[in-house]
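Here the protein sequences come in this chain order: H and X.
Under the working numbering, the residues of the first sequence are numbered 239 to 511, in order.
Under the working numbering, the residues of the second sequence are numbered 239 to 511, in order.
Number of protein chains: 2
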Amino acid sequence: MPAGALQPFWGQKTFCVLTGASQGIGRQFAIEFGRKFAKESVLVLIARNSQGLQETKRRVGEANPDIQVICHPTDLAKGNAALFKGIIEDSLSNAKVSPGDFQLAFIVHNAGSLGDVGPSVAELNDAEQWSEFLALNITSTSILNSEFLKVFPKGSVPYRTVVNVTSLCAVQPFCSMGQYCVSKAAREMFFKVLAEEDQSLDVLSYSPGPVDTDMTITIINKTRDAKTRDAFVDMKEKKTIVTCEQTTLKAIQVLSNKQYKSGQRVDYFDEGY
Amino acid sequence: MPAGALQPFWGQKTFCVLTGASQGIGRQFAIEFGRKFAKESVLVLIARNSQGLQETKRRVGEANPDIQVICHPTDLAKGNAALFKGIIEDSLSNAKVSPGDFQLAFIVHNAGSLGDVGPSVAELNDAEQWSEFLALNITSTSILNSEFLKVFPKGSVPYRTVVNVTSLCAVQPFCSMGQYCVSKAAREMFFKVLAEEDQSLDVLSYSPGPVDTDMTITIINKTRDAKTRDAFVDMKEKKTIVTCEQTTLKAIQVLSNKQYKSGQRVDYFDEGY
């Protein structure tokens with residue numbers, strides 16, 4: 239079945255894994271994506287914060303009581319193949335389902351950390367901090383993605399979609415946000431290669447715009463770059479900053495309209511998607 | 239002194255650190271860059287292979303006997319701030335020089351590994367392999383760069399130039415070369431942020447083209463992607479593959495002409511540089 243054949247995107251019986259689901263954009267994605275899944279869909283939520291995950295689960299349940307929501311409190315930075323394989327297989331067995339029960343296998347790589355936004359990149363010289371940062375933002379993404387696609391190989395379901403949550407920082411350097419820029423550039427390239435290598439997959443790098451989350455507050459409080467700080471403060475004051483609700487609606491629309499080429503990035507502000 | 243004030247680039251009394259200097263492009267850079275340094279310049283060569291480094295040193299000595307060449311056999315992937323600080327400080331003290339003795343502080347981040355070119359990115363699920371790969375290609379680059387710039391802060395010398403050896407893989411996805419693409423995209427972004435943050439630096443990402451080195455042979459032997467393999471075999475057979483000599487001459491010219499904006503990438507095939 240060629241990519242793009244399954245229409246519409248939403249309303250299918252879906253097995254979805256979503257990382258960074260305990261707060262912010264991840265929580266909103268869970269609620270609004272979950273609302274649109276067909277009954278008997280399964281939504282697997284991963285994040286470190288167990289309490290935050292439970293609250294997300296409660297709100298998904300309000301939005302759509304007909305799907306199963308399974309929480310896996312996990313520190314992705316410490317993940318490996320066995321752990322992620324276990325999470326996906328346990329989810330299937332707890333939900334009493336098999337991969338072949340689904341029309342759509344859907345993974346959303348939303349988890350990510352900001353890195354050290356205080357110093358300039360010329361000051362980043364802590365090997366351990368770099369190692370943890372890269373483990374969370376690159377390695378765990380690669381391994382979870384790999385284990386997900388092993389459970390849902392080509393042909394196992396009619397349709398497979400991979401979403402990478404990216405940022406303007408993937409394509410534009412921002413002062414004092416060097417680690418974040420590096421991780422987002424790296425991840426976007428990873429998913430471009432994935433799209434190139436497996437053309438039966440549908441791969442989207444979605445850039446949610448400057449969204450009003452805890453991450454924004456951290457940037458404002460910690461950056462040493464006045465321009466970066468002022469830009470965020472200004473957006474918050476003038477309420478031009480994007481809300482989690484707004485960017486989630488856009489993501490839903492982008493996935494529904496499918497005007498993007500697999501592997502491509504689409505930004506919140508891009509028109510025609 | 240504003241960036242770009244020191245002209246010409248070559249022929250200055252230079253303190254240069256060059257990684258990946260035991261073979262291939264790194265060795266050729268050492269010989270040809272070293273040839274162009276003023277007498278009493280210092281060239282610090284870093285790589286894992288001690289024997290290879292000694293051979294590079296011998297050949298630099300033939301090209302320019304008036305400079306000091308110091309070898310540091312080092313596994314960059316295991317590096318940290320203290321190690322790299324030590325390498326730079328030991329080099330200064332062995333050469334009996336101080337940072338202020340130089341007109342140009344010059345670092346060339348040439349070391350890099352290909353990663354696992356066998357599997358597709360969907361198969362990359364080895365946390366340890368990822369960790370070592372990222373430590374070498376991203377973390378060690380950041381830390382060495384940081385320690386170099388601490389020894390040569392703004393104002394310590396008239397001119398500071400940072401070269402990142404990049405690849406077409408930084409901007410274009412290639413099947414079965416996912417890790418390499420990821421590392422090169424990440425590094426290019428790192429150096430873009432560096433250029434943005436410190437405008438007194440001169441930062442160049444130089445992409446040497448498809449060069450005839452051991453890395454090329456590894457790609458031909460290990461890639462599972464027929465298109466990638468055939469492209470390299472074809473270039474080798476038709477001798478359209480770039481030689482280390484050719485790409486080094488181009489790099490010398492790009493640095494000399496300085497037609498690039500700091501932070502920019504320039505490819506071997508780009509005209510006007």
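C-beta atoms are modelled at their ideal positions from N, C-alpha and C, and glycine is treated no differently.
Predicted, not measured: the structure shown is a model, and the values here were computed from it.
Contact check, V282(X) vs H310(X), beta carbons under 8 Å: Residue numbering aside, residue 282(X) sits at position 44 when the second sequence is read from its first letter. Residue numbering aside, residue 310(X) sits at position 72 when the second sequence is read from its first letter. Taking 8 Å as the Cβ cut-off, V282(X) and H310(X) qualify as a contacting pair.
Option in K392(X), Q292(X), S351(X), F390(X) with minimal Cα separation from A315(X): Along the second sequence, one-based indexing puts residue 315(X) at 77. Minimum Cα distance to A315(X) is reached at S351(X).
Step through the CB atoms of chain H and report whether any lies within less than 8 Å of the CB of D354(X). Position 116 of the second sequence, counting from 1, holds the residue named residue 354(X). So no, D354(X) is outside the interface.
Backbone CA spacing between I284(X) and R296(X) [nearest angstrom]: Your numbering for residue 284(X) matches position 46 in the second sequence. Your numbering for residue 296(X) matches position 58 in the second sequence. Approximately 14 Å, taken between the alpha carbons.
If the cut is a Cβ gap below 9 Å, which residues of chain X does L372(H) touch? Residue numbering aside, residue 372(H) sits at position 134 when the first sequence is read from its first letter. Within 9 Å Cβ-Cβ: W368, S369, L372, A373, I376, T377, A424.
Just mark A259(H) as buried or exposed, buried being the case when its beta carbon has 16 or more other beta carbons within 10 Å. Translated into the one-based positions of the first sequence, residue 259(H) becomes position 21. The residue in question, A259(H), is buried, as its Cβ has 16 or more Cβ neighbours within 10 Å.
Have a look at the DSSP bridge pairing and note the partners of Q306(H). As a first step, residue 306(H) is located in the first sequence; it is residue number 68 there, counting from the start. Note: Q306(H) sits in a beta bridge opposite V280(H).
Alpha helix (DSSP H) containing N318(H): first to last residue? As a first step, residue 318(H) must be located in the first sequence, where it is residue number 80. Run containing N318(H): none; DSSP gives neither H nor E here.
With a threshold of 16 other CB atoms inside 10 Å of the CB of T456(H), please say whether the residue is buried or exposed. Your numbering for residue 456(H) matches position 218 in the first sequence. Classification of T456(H): exposed, given that the 10 Å Cβ count is below 16.
What residues in the segment 318-339 of chain H bring their beta carbon closer than 7 Å to a beta carbon of chain B? Annotation note: the requested chain B is absent from the structure, which comprises protein chains H and X.
Round the Cβ separation of V492(X) and Y444(X) to the nearest angstrom and send it over; I've been treating them as touching at under 8 Å. Reading the second sequence from its first residue, position 254 is the one you call residue 492(X). Reading the second sequence from its first residue, position 206 is the one you call residue 444(X). Rounded, the Cβ-Cβ distance is 6 Å, consistent with contact.
Let me see if you follow: with CB-CB separation under 8 Å, is D436(H) close to chain X or not? Position 198 of the first sequence, counted from the start, is the residue given in the question as residue 436(H). By this cut-off, D436(H) is an interface position.
Runs of 3 residues minimum, wholly inside the segment 417-463 of chain H: which ones carry the beta strand (DSSP E) assignment? 440-445
Taking only the alpha-carbon atoms, compute the straight-line gap between G264(H) and Q289(X) and give it to the nearest angstrom. Here the question's residue 264(H) lines up with position 26 in the first sequence. Here the question's residue 289(X) lines up with position 51 in the second sequence. One C-alpha to the other measures close to 52 Å.
Rounded to whole angstroms, what's the CA-CA distance from I345(H) to V400(H)? Just pull it up for me. Residue 345(H) sits at position 107 when you count from the first residue of the first sequence. Residue 400(H) sits at position 162 when you count from the first residue of the first sequence. Cα to Cα, I345(H) sits roughly 5 Å from V400(H).
Three Cβ pairs or more, each shorter than 8 Å: is that satisfied between the segment 388-407 of chain X and the segment 433-444 of chain X? yes
For T252(X) and D452(X), what's the separation of their Cα atoms in angstroms? Working through the second sequence from its first residue, we reach residue 252(X) at position 14. Working through the second sequence from its first residue, we reach residue 452(X) at position 214. Taking the straight line from one Cα to the other gives about 29 Å.
Which value, in whole angstroms, describes the spacing of the CA atoms of E426(X) and N383(X)? Within the second sequence, numbered from 1, the residue matching residue 426(X) stands at position 188. Within the second sequence, numbered from 1, the residue matching residue 383(X) stands at position 145. Approximately 14 Å between the Cα atoms of the pair.
Could you spell out the range, first to last residue, of the alpha helix (DSSP H) harbouring T404(H)? Within the first sequence, numbered from 1, the residue matching residue 404(H) stands at position 166. Neither: T404(H) is in no alpha helix (DSSP H) and is coded neither H nor E.
Residues of its chain near D304(X), where Cβ-Cβ distance is below 6 Å and the 5 sequence neighbours each way are ignored: Stepping through the second sequence from its first residue, residue 304(X) is reached at position 66. The answer, listed in chain order, is K277.
Check the Cβ of H362(X) against every Cβ in chain H and list those closer than 7 Å, keeping chain order. For the purposes of this step, residue 362(X) is taken as residue 124 along the second sequence, with counting starting at 1. A small fix is needed here, since residue 362(X) is Leu in this sequence, not His. Those are S380, S384, listed as they occur along chain H.
Beta-carbon separation of Q266(X) and E483(X) under 8 Å? The sequence position of residue 266(X) within the second sequence is 28, counting from 1. The sequence position of residue 483(X) within the second sequence is 245, counting from 1. Cβ atoms of Q266(X) and E483(X): closer than 8 Å.
Same chain, Cβ closer than 6 Å to D508(H), neighbours up to 5 away in sequence not counted: Walking along the first sequence from the start, residue 508(H) turns up at place 270. Same-chain partners within the cutoff: there are none.
S494(H) versus F470(X) - alpha carbon distance: By one-based count along the first sequence, residue 494(H) stands at place 256. By one-based count along the second sequence, residue 470(X) stands at place 232. Cα to Cα, the separation comes out at about 40 Å.
Applying the criterion that 16 or more other CB atoms from any shown protein chain within 10 Å of the CB defines a buried residue, is G393(X) buried or exposed? If you number the second sequence from 1, residue 393(X) lands on position 155. It is exposed - the Cβ of G393(X) has fewer than 16 other Cβ atoms within 10 Å.
C-alpha gap between W368(X) and E327(X), whole angstroms: Taking the first residue of the second sequence as 1, we reach residue 368(X) at position 130. Taking the first residue of the second sequence as 1, we reach residue 327(X) at position 89. Their Cα atoms are separated by approximately 31 Å.
May I have the straight-line CA-CA distance separating T466(X) from E361(X), to the nearest angstrom? Indexing the second sequence from 1 puts residue 466(X) at position 228. Indexing the second sequence from 1 puts residue 361(X) at position 123. One C-alpha to the other measures close to 18 Å.
Can you name the start and end residues of the beta strand (DSSP E) that V395(H) belongs to? One-based indexing of the first sequence puts residue 395(H) at position 157. First-last for V395(H): undefined, no H or E at that position.
Please state whether DSSP places V355(X) in a helix, a strand or coil. As a first step, residue 355(X) is located in the second sequence; it is residue number 117 there, counting from the start. Three-state DSSP puts V355(X) in coil, outside helix and strand.
Taking the alpha-carbon of V403(H) as reference, which of T486(H), S329(H), E475(H) has the nearest alpha-carbon? Locating residue 403(H) in the first sequence gives position 165, counting from the first residue. Answer by Cα proximity: T486(H).
Please identify the residue among R286(H), G324(H), E475(H), Y498(H) whose C-alpha is closest to the C-alpha of V389(H). In the first sequence, residue 389(H) corresponds to position 151, counting from 1. Residue G324(H) is the option with its Cα nearest to V389(H).
Looking at chain X, is there any beta carbon in it that lies within less than 8 Å of the beta carbon of G393(H)? Translated into the one-based positions of the first sequence, residue 393(H) becomes position 155. Not an interface residue.
At a Cβ threshold of 8 Å, is M453(H) touching chain X? Taking the first residue of the first sequence as 1, we reach residue 453(H) at position 215. Output row for M453(H): interface = no.
Determine the closest residue to A301(X) out of S421(X), F371(X), G272(X), G416(X), with distance taken between C-alpha atoms. As a working mapping, residue 301(X) is identified with position 63 in the second sequence. When only C-alpha atoms are compared, the closest one is G272(X).
Secondary structure at A349(X), three-state DSSP: helix, strand or coil? Sequence index remark: in the second sequence, residue 349(X) carries index 111 (1-based). In this structure, A349(X) counts as coil in the three-state DSSP scheme.
Closer than 8 Å between beta carbons: that is the criterion. Which residues of the segment 472-505 of chain H meet it against chain X? G501
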